[in-house]
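See below for the structure under consideration.
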Amino acid sequence: MPKEKRGRALGIVSTAVALGGMTGPFAGGLIAEWFSWQWLFLVHVPVAVVATWMALRYIPAREQEYRSEPLDSVGAFLFIIVIGSVILGLTDGNTWGWRSTEIISIFSVALVALLGLLLWELHQKTPFLPIKALAIPAVSGGLIISCTSFVLANTVLVVMPFYLSGLSGISPLSVGFIMTAYPLLLAFAGPVAGHMSDRFSSRVFMFLGLCGMGVGLMVFSIGFGQLPLVWIILVMALMGMGMGFVASPNNSFIMQHAPKEHVGSIGGMIALTRNLGMVLGAALGLASKQFS
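Under UniProt numbering, the first residue of the sequence shown carries the number 1, and numbering increases by one thereafter.
Okay, here's the thing in structure tokens:
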């Protein structure tokens, strides 16, 4: 996409993500209520087949310019160790206990591998990680914002279905409907914020989005368990709008400042910070549920 339309394009991507988010809780509630839980996993098979066909059919093939540079296999291996250890520790922290020997050992391995990765990458001509790009404040700051925003959102999104299903008279299907308040506003705000960020500063929308998510979390932290259902839906919608105002402008902001030769790597880092934020948010949400 042309640089001046990049924010709009990323807004459309956010809408696609939000539509998936809207469909997921509704479909999950419908399947859980009408069929067995095994269908929650089997339903992905035909979707994956159709998506694969669409990718082969509609994504245009074009000649790429390949550079004969050696792959930094040591850096790639250390990176896998770091990410794998962190994900494993965050996923099983609630099961094993955050102070258990297993969790401490896993995070110690991640820390040692991270230090080794950074020392190794600094001395490589073609490092696996885009060190030079990550040294740009706009890029590194944007990635931190990406991770933080998904931590904030997923902390609530993971806990909310458990809380709603515990209320009397609320079926799984109704829980799915209530949960769509978040992606519905995300689907609306994403393209708007993306389009406007092409004309105005992305920082304004990122600031407003983070403020909206912060207010939503503050309301939940003060009145969670006492809020009426309507207020829960409104706060979920506020957080969805906040995420819509953060995601598209922030991604556009990062890509605008990323060096051309590292655009692919930085795009992967955006996806990494998004998924890492979701895992961390889920871990925090389930931990808060366990201790409540």
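All C-beta atoms, glycine included, are put in the ideal place defined by N, C-alpha and C.
Could you check the C-alpha separation between C211 and P70 for me, to the nearest Å?
Taking the first residue of the sequence shown as 1, we reach residue 211 at position 211. Taking the first residue of the sequence shown as 1, we reach residue 70 at position 70. Straight-line Cα distance between these residues: approximately 44 Å.
Would a C-beta distance cut-off of 8 Å place S248 and S197 closer than the cut-off?
Counting from one through the sequence shown, the residue named residue 248 turns up at place 248. Counting from one through the sequence shown, the residue named residue 197 turns up at place 197. Yes, the Cβ-Cβ distance between S248 and S197 is below 8 Å.
Counting C-beta neighbours from all protein chains within 10 Å, is the total for R203 16 or more, i.e. buried, or is it exposed?
Taking the first residue of the sequence shown as 1, we reach residue 203 at position 203. Around the beta carbon of R203, fewer than 16 other beta carbons lie within 10 angstroms, which makes this residue exposed.
CB N154 to CB G277, shorter than 8 Å?
Here residue 154 refers to the residue found at position 154 of the sequence shown. Here residue 277 refers to the residue found at position 277 of the sequence shown. Against a cut-off of 8 Å, the Cβ pair of G277 and N154 comes out as a contact.
C-alpha gap between L234 and V112, whole angstroms
The residue labelled residue 234 in the question sits at position 234 within the sequence shown. The residue labelled residue 112 in the question sits at position 112 within the sequence shown. Rounded to whole angstroms, L234 to V112 spans 44 Å at the Cα level.
Buried or exposed for E121, going by 16 or more other Cβ atoms inside 10 Å?
As a working mapping, residue 121 is identified with position 121 in the sequence shown. A buried status is given to E121, since no fewer than 16 other beta-carbon atoms sit within 10 Å of its beta-carbon.
On the CB-based measure, 16 or more other CB atoms within 10 Å of its CB, does S108 come out buried or exposed?
Stepping through the sequence shown from its first residue, residue 108 is reached at position 108. Label assigned to S108: exposed.
Is it true that the CB of F188 sits closer than 8 Å to the CB of G242?
Position 242 of the sequence shown, counting from 1, holds the residue named residue 242. Position 188 of the sequence shown, counting from 1, holds the residue named residue 188. In this structure, F188 does not lie closer than 8 Å to G242 by Cβ.
For W96 and S85, the rounded distance between their alpha carbons:
Within the sequence shown, residue 85 is the residue found at index 85, counting from 1. Within the sequence shown, residue 96 is the residue found at index 96, counting from 1. Looking at the two C-alpha atoms, the distance is approximately 14 Å.
Taking buried to mean at least 16 other C-beta atoms within 10 Å of its own C-beta, is T23 buried or exposed?
Taking the first residue of the sequence shown as position 1, residue 23 is located at position 23. The residue in question, T23, is exposed, as its Cβ has fewer than 16 Cβ neighbours within 10 Å.
Note down, in chain order, each residue of its chain lying with its Cβ closer than 6 Å to the Cβ of A181, except the 5 sequence neighbours on either side.
Sequence index remark: in the sequence shown, residue 181 carries index 181 (1-based). A distance below 6 Å between beta-carbons, with the five flanking residues on each side excluded, links A181 to the following residues of its chain, in chain order: I233, M236 and A237.
What does the Cβ neighbour count give for M179, buried or exposed, with the cut at 16 atoms within 10 Å?
Numbered from 1 along the sequence shown, position 179 holds the residue referred to as residue 179. M179 should be labelled buried.
Would you call the stretch 117–134 and the stretch 250–263 touching, i.e. three or more CB-CB distances under 8 Å?
Touching, per the Cβ criterion.
Straight-line Cα distance separating W34 from L157:
Indexing the sequence shown from 1 puts residue 157 at position 157. Indexing the sequence shown from 1 puts residue 34 at position 34. Cα-Cα distance, rounded: 23 Å.
Of the listed residues G166, L186, G194 and T52, nearest to G225 (C-alpha basis):
By 1-based counting over the sequence shown, the position of residue 225 is 225. When C-alpha distances from G225 are compared across G166, L186, G194 and T52, the shortest belongs to G166.
Run through DSSP, which three-state label would S174 get?
Reading the sequence shown from its first residue, position 174 is the one you call residue 174. S174 carries a helical assignment under DSSP once its states are collapsed to helix, strand and coil.
Helix, strand or coil at Q256 [DSSP, three-state]:
Position 256 of the sequence shown, counted from the first residue, corresponds to residue 256. Here Q256 sits in helix by DSSP.
In whole angstroms, what is the alpha-carbon distance linking P183 and L19?
For the purposes of this step, residue 183 is identified with residue 183 of the sequence shown, where counting begins at 1. For the purposes of this step, residue 19 is identified with residue 19 of the sequence shown, where counting begins at 1. Between P183 and L19, the C-alpha separation is close to 7 Å.
Can you tell me which of F253, S100, A271 and I145 puts its alpha carbon nearest to the alpha carbon of V17?
Walking along the sequence shown from the start, residue 17 turns up at place 17. The shortest C-alpha separation from V17 is found at A271.
In the DSSP assignment, the alpha helix (DSSP H) including R99 goes from what residue to what residue?
Your numbering for residue 99 matches position 99 in the sequence shown. Membership of R99 in any alpha helix (DSSP H) is not indicated, and neither H nor E is assigned to it by DSSP.
Going by DSSP in three states, F188 sits in which element: helix, strand or coil?
The sequence position of residue 188 within the sequence shown is 188, counting from 1. DSSP places F188 in helix when its eight states are reduced to three.
Residue span of the alpha helix (DSSP H) that contains S37, given as start and end
As a position in the sequence shown, residue 37 is number 37, starting the count at 1. Sequence check: residue 37 is Trp here, not Ser. That residue, W37, is in no alpha helix (DSSP H); it is neither H nor E in DSSP.
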